[in-house]
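J.:
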Amino acid sequence: MSTNQSIIDQKVAELAQLTPQLSRAMANTGKELNSNAIIGDRNWALNTLAMLIGMGDMNDQLQVYVKAATDAGATDNEIQDVLNLASIYAGNPRAVNAARSIAPYLKRESDRLRPNVTEELINVGDHETMVWDNHAAGFPIVLIHCLALDHRTWRDVYPEVAKTGARVIAYDIRGHGWARNAPVTKNLDQLAADLHHLLVKLDIKQADIYGASYGGAIAESFAIDYPAETRSVALIATGLKGFPVLAQRADAAEKDGMEAQVAESLIRWFTPETIARNPWEVRYSRECVRHISVANWAAAWRAMAAGDATEVARTVKVPVLALGGKQDASAVPPIMKQMAAAYPNSKLVTLDPGTHMMPMEQPQAVAEQLIKFYQAVNQNNFRKD
Numbered sequence: 015m016s017t018n019q020s021i022i023d024q025k026v027a028e029l030a031q032l033t034p035q036l037s038r039a040m041a042n043t044g045k046e047l048n049s050n051a052i053i054g055d056r057n058w059a060l061n062t063l064a065m066l067i068g069m070g071d072m073n074d075q076l077q078v079y080v081k082a083a084t085d086a087g088a089t090d091n092e093i094q095d096v097l098n099l100a101s102i103y104a105g106n107p108r109a110v111n112a113a114r115s116i117a118p119y120l121k122r123e124s125d126r127l128r129p130n131v132t133e134e135l136i137n138v139g140d141h142e143t144m145v146w147d148n149h150a151a152g153f154p155i156v157l158i159h160c161l162a163l164d165h166r167t168w169r170d171v172y173p174e175v176a177k178t179g180a181r182v183i184a185y186d187i188r189g190h191g192w193a194r195n196a197p198v199t200k201n202l203d204q205l206a207a208d209l210h211h212l213l214v215k216l217d218i219k220q221a222d223i224y225g226a227s228y229g230g231a232i233a234e235s236f237a238i239d240y241p242a243e244t245r246s247v248a249l250i251a252t253g254l255k256g257f258p259v260l261a262q263r264a265d266a267a268e269k270d271g272m273e274a275q276v277a278e279s280l281i282r283w284f285t286p287e288t289i290a291r292n293p294w295e296v297r298y299s300r301e302c303v304r305h306i307s308v309a310n311w312a313a314a315w316r317a318m319a320a321g322d323a324t325e326v327a328r329t330v331k332v333p334v335l336a337l338g339g340k341q342d343a344s345a346v347p348p349i350m351k352q353m354a355a356a357y358p359n360s361k362l363v364t365l366d367p368g369t370h371m372m373p374m375e376q377p378q379a380v381a382e383q384l385i386k387f388y389q390a391v392n393q394n395n396f397r398k399d
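For the sequence shown, the positions run 15 to 399 when this note's numbering is used.
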């Protein structure tokens with residue numbers, strides 16, 4: 015029995031105590047609609063939630079459908095999106111009333127995923143970026159997300175890494191997420207400078223820099239450009255240098271638009287089985303690709319295509335973790351092996367299963383490796399072998 019149908023049955027059973035005739039009619043209609051629906055339980059519950067917010071004075075029902083949505087796999091981000099959109103279409107008063115009812119759930123989820131974490135916009139020179147910061151006392155870790163996505167890439171990794179006691183920072187790269195309106199990206203050195211400005215604003219003198227894919231390319235540039243501010247580097251699904259094919263992805267978006275980039279991106283990022291299940295990470299990634307502007311997408315790909323740490327990697331003396339995935343269709347194992355070999359103090363770890371979007375598709379395994387690396391560097395016992 016689906017989540018939606020169980021809720022219908024529960025409510026109709028309660029109604030039967032008041033009016034058996036109406037309860038029978040609703041039971042038959044509800045079952046018929048549910049059996050023929052193609053939008054799925056999650057969307058059904060989210061759509062109902064939106065309608066209830068628009069109707070107003072539906073606090074009890076809001077609680078029911080928040081639970082229905084979460085039971086069907088909706089995340090707090092998606093429920094917050096419904097609430098945000100309701101403020102536009104149903105008006106602020108009704109959205110505020112609904113927020114009062116939904117707020118306890120959202121706070122519980124926030125406390126569970128990101129205890130003691132603030133989320134705020136911080137000015138880093140020519141733009142603002144959204145930052146997660148747990149303000150912990152431990153040595154800082156910076157998490158840099160993948161191309162087209164934003165700081166929410168680390169949704170499931172962040173709370174695990176934070177258990178080390180580290181101060182954990184996750185932010186939006188220029189041209190992405192809340193930093194989408196920044197002046198367009200020029201190159202990786204500019205993105206490294208953005209991170210430098212952020213650390214200055216946060217009064218962080220030195221940090222461990224962990225990046226995934228595009229974020230890893232930025233981490234490489236940061237370690238080269240700001241060695242005094244870098245204690246260690248973790249490069250997840252990251253190459254040593256760019257390739258012409260990366261620039262071709264910029265050309266493709268400029269020619270065909272962003273919708274045409276969705277399928278190819280998801281196929282390279284996730285396993286077919288995960289795409290078929292359509293969990294949060296796939297839904298999130300799909301919409302991020304759709305929503306990023308062609309200009310920001312193209313600039314990011316060209317910046318990564320032009321990156322090349324081949325000659326300068328040997329100057330990076332800090333510990334480097336090269337974390338690859340056996341099933342990664344982009345940073346394939348030979349690329350990861352080449353990258354790890356270029357750094358004099360690096361260790362290669364290959365996850366199996368491990369895909370290009372490991373921080374989202376295999377978050378527990380990624381978090382485990384990052385924690386091991388962080389603790390080894392903290393204890394000054396990092397070993398290449």
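Backbone N, C-alpha and C fix where the C-beta goes; we use that ideal spot for every residue, glycine too.
Computed from a prediction, not measured in an experiment: that's the story for all the values here.
1. Find the nearest neighbour of L97 within the set N310, Q389 and M65, judged by alpha-carbon distance.
2. Which residues bound the alpha helix (DSSP H) around R245?
3. What are the boundary residues of the alpha helix (DSSP H) that A113 is part of?
4. What distance in whole Å lies between the Cβ atoms of L161 and Y228, which are believed to be in contact at a cut-off of 8 Å?
5. Short check: CB of A231 to CB of G321, under 8 Å?
6. Using 10 angstroms around the beta-carbon of F396, count the other beta-carbons present and answer buried if the total reaches 16, otherwise exposed.
7. How should V214 be labelled, buried or exposed, when 16 other C-beta atoms within 10 angstroms of its C-beta is the threshold for buried?
8. Got a sec: does the ligand SAM put a non-hydrogen atom nearer than 7 Å to the Cβ of Y298?
9. Within the continuous alpha helix (DSSP H) that includes W146, where are the two ends?
10. Would you mind giving the Cβ-Cβ distance between A323 and L254, rounded to the nearest angstrom? I have them listed as a contact below 8 Å.
11. To the nearest whole angstrom, what separates the beta carbons of A100 and E142, a pair I think is in contact under 8 Å?
12. Does the Cβ-Cβ distance between A251 and D342 come in under 8 Å?
13. Which of the three DSSP states, helix, strand or coil, is assigned to F11?
14. Who pairs with A226 in a beta bridge, going by DSSP?
15. Quick check on E295: buried or exposed, where buried means 16 or more other Cβ atoms within 10 Å of its Cβ?
16. So, for N392: in the same chain, excluding its five sequence neighbours on each side, which residues have a beta-carbon less than 7 Å away from its beta-carbon?
17. Per DSSP, which residues does V363 bridge with? Please list them.
18. Taking Cβ to Cβ, would you say A184 is nearer than 8 Å to H210?
19. Nearest CA to the CA of P293: which residue from A88, G70, L32 and V308?
20. Closest to A226 by C-alpha separation, out of R56, T369, D265 and E287, would be which residue?
21. With 16 other CB atoms within 10 Å as the buried threshold, where does N73 fall?
22. Residue range of the beta strand (DSSP E) that L135 falls in?
23. Would you mind working out which of P347, P358, A317 and S307 sits nearest R328, comparing C-alpha positions?
24. So, under 8 Å CB-CB, R245 and V332 are touching, yes? Tell me the CB distance rounded to an integer number of Å.
25. If you check the beta carbons only, do A112 and I67 fall under 8 Å apart?
26. Rounded to the nearest angstrom, what separates A233 and R128 at their Cα positions?
27. Rounded to a whole number of angstroms, what is the C-alpha to C-alpha distance between N195 and A309?
28. Classify T132 as buried or exposed, calling it buried when 16 or more other Cβ atoms lie within 10 Å of its own Cβ.
29. Could you tell me the distance, in whole angstroms, from the CA atom of D316 to the CA atom of Q376?
30. Between which two residues does the alpha helix (DSSP H) harbouring I102 extend?
31. For Y255, which beta-bridge partners are listed by DSSP?
32. For L120, which residues from the same chain have a beta carbon less than 6 Å from its beta carbon, with the 5 sequence-adjacent residues on both sides left out?
33. How would you write the range of the alpha helix (DSSP H) that A180 sits in, first residue to last?
34. On the three-pair Cβ rule with 8 Å, is the stretch 267 to 278 touching the stretch 358 to 367?
35. Just to confirm, are L365 and L335 a CB contact at a threshold of 8 Å?
36. Taking the alpha carbon of Y240 as the reference point, which residue from L216, T167 and D203 has its own alpha carbon closest?
T.: So, from the data block:
1. As a first step, residue 97 must be located in the sequence shown, where it is residue number 83. That would be M65, whose Cα lies nearest to the Cα of L97.
2. Mapped onto the sequence shown, residue 245 falls at position 231. Taken as a continuous stretch (DSSP letters only), R245 belongs to no alpha helix (DSSP H), being part of the beta strand (DSSP E) at T244 to I250.
3. One-based indexing of the sequence shown puts residue 113 at position 99. Here the alpha helix (DSSP H) through A113 covers N106 to L127.
4. For the purposes of this step, residue 228 is taken as residue 214 along the sequence shown, with counting starting at 1. For the purposes of this step, residue 161 is taken as residue 147 along the sequence shown, with counting starting at 1. With a Cβ gap of about 4 Å, Y228 and L161 count as contacting.
5. Locating residue 231 in the sequence shown gives position 217, where the first residue counts as 1. Locating residue 321 in the sequence shown gives position 307, where the first residue counts as 1. Here A231 is near G321, since their CB atoms are less than 8 Å apart.
6. Sequence index remark: in the sequence shown, residue 396 carries index 382 (1-based). By the neighbour-count definition (other C-beta atoms within 10 Å, threshold 16), F396 is a buried residue.
7. Within the sequence shown, residue 214 is the residue found at index 200, counting from 1. Taking every protein chain shown into account, the CB of V214 has fewer than 16 other CB atoms within 10 angstroms, so this residue is exposed.
8. Summarising the ligand content, the structure contains no ligands, and the ligand SAM is consequently not present.
9. Taking the sequence shown and counting its residues from 1, one reaches residue 146 at position 132. According to the DSSP assignment, W146 belongs to no alpha helix (DSSP H) but to the beta strand (DSSP E) extending over E142 to D147.
10. Along the sequence shown, one-based indexing puts residue 323 at 309. Along the sequence shown, one-based indexing puts residue 254 at 240. Contact holds; Cβ gap of about 5 Å.
11. For the purposes of this step, residue 100 is identified with residue 86 of the sequence shown, where counting begins at 1. For the purposes of this step, residue 142 is identified with residue 128 of the sequence shown, where counting begins at 1. Between E142 and A100 the Cβ distance is about 25 Å, and since that is not below 8 Å, they are no contact.
12. Taking the first residue of the sequence shown as position 1, residue 251 is located at position 237. Taking the first residue of the sequence shown as position 1, residue 342 is located at position 328. The answer is yes: Cβ separation under 8 Å.
13. The question about residue 11 has no answer here: the residues shown for the chain are numbered 15 through 399.
14. Here residue 226 corresponds to residue number 212 of the sequence shown, with the count starting at 1. DSSP output for A226 lists I250 as bridge partner(s).
15. Translated into the one-based positions of the sequence shown, residue 295 becomes position 281. Its Cβ being crowded by 16 or more others within 10 Å, E295 is buried.
16. Translated into the one-based positions of the sequence shown, residue 392 becomes position 378. Cβ neighbours of N392 beyond the five flanking positions: F153.
17. Counting from one through the sequence shown, the residue named residue 363 turns up at place 349. V363 pairs with L337.
18. In the sequence shown, residue 184 corresponds to position 170, counting from 1. In the sequence shown, residue 210 corresponds to position 196, counting from 1. Taking a C-beta distance under 8 Å as the contact criterion, A184 and H210 do not qualify as a contact pair.
19. Walking along the sequence shown from the start, residue 293 turns up at place 279. For the residues A88, G70, L32 and V308, the minimum Cα distance to P293 belongs to A88.
20. The residue given as residue 226 occupies position 212 in the sequence shown. Relative to A226, the option among R56, T369, D265 and E287 whose CA is nearest is T369.
21. Locating residue 73 in the sequence shown gives position 59, where the first residue counts as 1. A residue is called buried once 16 or more other Cβ atoms fall within 10 Å of its Cβ, and N73, having fewer, is exposed.
22. One-based indexing of the sequence shown puts residue 135 at position 121. Counting along the chain, the beta strand (DSSP E) containing L135 begins and ends at T132 to N137.
23. Against the sequence shown, residue 328 aligns to sequence position 314. Answer by Cα proximity: P358.
24. For the purposes of this step, residue 245 is identified with residue 231 of the sequence shown, where counting begins at 1. For the purposes of this step, residue 332 is identified with residue 318 of the sequence shown, where counting begins at 1. Contact holds; Cβ gap of about 6 Å.
25. Locating residue 112 in the sequence shown gives position 98, counting from the first residue. Locating residue 67 in the sequence shown gives position 53, counting from the first residue. Yes, the pair counts as a contact, with Cβ atoms nearer than the cut-off.
26. Residue 233 sits at position 219 when you count from the first residue of the sequence shown. Residue 128 sits at position 114 when you count from the first residue of the sequence shown. Take the alpha-carbon of A233 and the one of R128: they are about 23 Å apart.
27. As a first step, residue 195 must be located in the sequence shown, where it is residue number 181. As a first step, residue 309 must be located in the sequence shown, where it is residue number 295. Taking the straight line joining both Cα atoms gives about 11 Å.
28. Here residue 132 refers to the residue found at position 118 of the sequence shown. With fewer than 16 other Cβ atoms within 10 Å, it is exposed.
29. By 1-based counting over the sequence shown, the position of residue 316 is 302. By 1-based counting over the sequence shown, the position of residue 376 is 362. Per the sequence presented here, residue 316 reads as Arg, with Asp not at that position. Each residue's Cα considered, the two are about 28 Å apart.
30. By 1-based counting over the sequence shown, the position of residue 102 is 88. Where I102 is concerned, the enclosing alpha helix (DSSP H) stretches over D90 to Y103.
31. Walking along the sequence shown from the start, residue 255 turns up at place 241. The residue you asked about is not Tyr; residue 255 is Lys in the sequence shown. Note: K255 sits in a beta bridge opposite D322.
32. For the purposes of this step, residue 120 is taken as residue 106 along the sequence shown, with counting starting at 1. Once the five neighbours on either side are set aside, the close Cβ partners of L120 are D90.
33. For this step, residue 180 is matched to residue 166 along the sequence shown. For A180, no alpha helix (DSSP H) run applies; the uninterrupted beta strand (DSSP E) run containing it begins and ends at A180 to Y185, by DSSP.
34. With a cut-off of 8 Å, the stretch 358 to 367 and the stretch 267 to 278 do not count as touching, because too few Cβ pairs lie within range.
35. Locating residue 365 in the sequence shown gives position 351, counting from the first residue. Locating residue 335 in the sequence shown gives position 321, counting from the first residue. No, these two residues do not count as a Cβ contact at 8 Å.
36. Counting from 1 along the sequence shown, the entry for residue 240 is found at position 226. The shortest Cα separation from Y240 among L216, T167 and D203 belongs to D203.
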